[in-house]
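In my numbering, the protein residues as written are 174 to 616. Heads up, the beta-carbon is just placed ideally off N, CA and C, and yes, glycines get one too. Since the structure is predicted, the reported quantities are computational estimates derived from the model, not experimental observations. Worksheet for the structure shown next.
Below, the structure is given as C-alpha cells:
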C-alpha cells in the first residue's frame, strides 16, 4: 500500500493543457486517419458523410474521451489499477482478468503497428537516398513487407518509441508532441497546397466534398461514420485513461476532450486533401487503403517535379503521426507494470518493448499472419477494452463519477451526461464490436 501511495505522490503530470491536448491528438491521429478517412469521406457521400461523422465524433467520441480521462484521473493510474479497485469496491471476482483486457488490447495494437512504422521508416530512407525513384512501387512493397528484410526496420520503430517513453511524461511524451504535432501540421499544409495545385486535382476535391445526399439514406454511411469516429478518438480504453491519469484536478478534461476531437478531425481532413487530389491527378485508385502509402503515393512522387523532396516530407510526416501514436501504445502497458509493481519506468519500458518485438517477428515475416492478427485486435479485442472501461466507469464506479469529470471544468456537465454514457455510449460501443465482427471491420 505504501508503495502505491508513494508512486501516486511522485507521479508525473502534464505541465500544461496544450501539452496534454497535443499528446492526446498525437495518440489519436493514427495511420487509419490518413489512409481510411479520405477514402470513406469520398466513398460514402462526400460532404454528406461529414454530417454523421461530426455527429458521432462530437457526441460519442468526446463522451468516450471525457470518460477515459476522468477514470484515469480518479485513480491516478491506468485502467488496470482503476478496474481492479472498482471490482474490489463491489466485491466482484475476476478483476485481474477483466483489467488485463484493455492493456493487452493496446499492447496488441503496438505489436502490429510497429511493423507498419517499420515499413514507413524504410520508405523514408528510400526517399532520403533517392532510391524511391528507382523502385517499381507496384511490386516493391510485396518484396519487402512480410519478409525478413523488414525486421531491422521494425526493431528501429520499437527503439524510437522506447527512447521517448523511457524519458517519461514531461521530458518524453509531452515534449515530443509539443515539437512534432506543430511540425506535422506544417508538413500537412505544405503537401496539401502542392497537391491542390496539380492539374486534375479538382477531381479529387470533388470526390471528397461533392455532397451526395442520398448517401445519408444508406445505413452503410452511418455505420462507417460511426466506426471512423469511434476509432479516431479511442484506442482501447487504456491509452487515453493513462494520459488522463497524468492530469491533476485543475485540468479541464471536458474542454480538453473537445479540443482533442477537433484538432484530430482537422488533421484527418488535411490528410485527405493532401492525398486524394494527387491520387486523382495521376489517375490512380482512391480506394487503395493501406497500400495507398506504399504503392499509390510513391507512384505519384515518381511523376511529380521535385518528387523526391516531397516524398521525404510526406514520409517524415507519416512517421511523426505514427510515432506519436505508438508512444501512447507503449505507455499503456508500461504504466500498468509501474503502477502494480516496484519496477521502474526504464526497466518496464525495455521489458515491454522486448516482449512486443519478439511477438512481432512471426507477423513481420508473414503478411497473412499480420493481417489476421491486426484484424482480430482492431475489430474485436481492442474495442472490447474500451467497452469494459466504459461499463466500469458509468455503471460500477462507486462514487460520484460526474463530480470527478467536472473537477477543473469551466462549464461543468449535468447529470444528463451520466445517463447518456450509460444508455447511449455503452450500447453504441457494444454495437461497434458487433458490427465490426459481422462486417469485417468498420474502423
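7 Å CB neighbourhood of residue i in its chain, flanking five on each side removed
i, result
"residue 178", "For residue 178, the pLDDT reaches just 42, beneath the cut-off of 50, and the residue's location in the model is therefore unreliable, although a value from the coordinates is still provided. Excluding residues within five positions, none has a Cβ falling inside 7 Å."
"residue 241", "410, 413, 414, 417, 562"
"residue 175", "Here the model assigns residue 175 a pLDDT of 41, short of 50, so the residue's position is not dependable and the matter cannot be decided."
"residue 596", "none"
"residue 321", "538"
DSSP state of residue i mapped onto helix, strand, coil
i, result
"residue 320", "coil"
"residue 219", "helix"
"residue 205", "helix"
"residue 175", "At residue 175, the pLDDT of 41 sits below 50, so the modelled position is not reliable; the number obtained from the coordinates is stated separately. Three-state result, residue 175: helix."
"residue 365", "helix"
"residue 370", "coil"
"residue 180", "Caution applies to residue 180, whose pLDDT of 46 falls short of 50 and renders its modelled position unreliable; the value that the coordinates give is listed next. Residue 180: helix per DSSP, three-state reduction."
"residue 546", "helix"
"residue 375", "helix"
"residue 444", "helix"
"residue 538", "coil"
"residue 240", "helix"
"residue 569", "helix"
"residue 234", "helix"
"residue 560", "helix"
"residue 517", "coil"
"residue 251", "coil"
"residue 419", "coil"
"residue 187", "coil"
"residue 612", "helix"
"residue 455", "coil"
Option in the options with minimal Cα separation from residue i
i, options, result
"residue 206", "352, 327, 447, 254", "447"
"residue 491", "202, 191, 186", "202"
"residue 546", "346, 374, 615, 284", "284"
"residue 246", "328, 418, 309", "418"
"residue 509", "522, 199, 442, 470", "522"
"residue 422", "601, 434, 244, 501", "244"
"residue 404", "230, 212, 220, 597", "230"
"residue 435", "451, 548, 197", "197"
"residue 442", "426, 420, 382, 486", "382"
"residue 303", "513, 193, 548, 485", "485"
"residue 343", "400, 195, 439", "195"
"residue 365", "592, 211, 288", "211"
"residue 286", "249, 237, 530", "530"
"residue 234", "328, 601, 457", "601"
"residue 317", "593, 398, 237, 539", "539"
"residue 337", "585, 425, 519, 572", "519"
"residue 358", "578, 445, 512, 261", "445"
"residue 571", "262, 184, 555", "262"
Cβ-Cβ separation, residue j to residue i (assumed contact under 8 Å), whole Å
i, j, result
"residue 384", "residue 218", "7 Å"
"residue 550", "residue 281", "4 Å"
"residue 500", "residue 349", "7 Å"
"residue 204", "residue 495", "6 Å"
"residue 332", "residue 506", "With a Cβ gap of about 17 Å, residue 332 and residue 506 do not count as contacting."
"residue 380", "residue 449", "6 Å"
"residue 543", "residue 319", "7 Å"
"residue 574", "residue 591", "7 Å"
Proximal residues to residue i (C-beta, below 8 Å), its chain only, five neighbours per side dropped
i, result
"residue 599", "560, 563, 564, 567, 568"
"residue 256", "268, 271, 272, 275, 561, 562, 565"
"residue 248", "254, 255, 258, 418"
"residue 603", "560"
Own chain partners of residue i with C-beta closer than 6 Å, once the 5 adjacent residues on each side are dropped
i, result
"residue 580", "422"
"residue 498", "200, 203"
"residue 326", "291, 294, 295"
"residue 180", "Reliability of the predicted coordinates at residue 180 is poor, the pLDDT of 46 falling under 50, and the value obtained from them is presented with this limitation in mind. Closer than 6 Å at the Cβ level, and outside the excluded window around residue 180, lies no residue."
Closer than 8 Å to chain D by CB, residue i
i, result
"residue 390", "Judged by its chain identifiers, the structure shown contains no chain D, having just a single protein chain."
Any non-hydrogen atom of the ligand GTP within 7 Å of residue i CB
i, result
"residue 376", "For the structure depicted, the ligand GTP is absent and the ligand set is empty, with no information on it obtainable."
Is it true that the segment 473-483 meets the segment 217-229, where meeting means three or more beta-carbon pairs spaced less than 8 Å apart? By the criterion of at least three beta-carbon pairs nearer than 8 Å, the segment 473-483 is not in contact with the segment 217-229.
Looking at C-beta atoms only, is the number of pairs between the segment 598-614 and the segment 386-401 that lie closer than 8 Å three or more? With the rule of 3 Cβ pairs closer than 8 Å, the segment 598-614 counts as touching the segment 386-401.
Segment contact, 8 Å Cβ cut-off, at least three pairs: the segment 424-433 with the segment 346-353: Because the criterion of three Cβ pairs below 8 Å is not met, the segment 424-433 and the segment 346-353 do not touch.
Pair every Cβ in the segment 463-477 with every Cβ in the segment 301-316, then say whether three or more of these pairs are closer than 8 Å. The segment 463-477 vs the segment 301-316: in contact.
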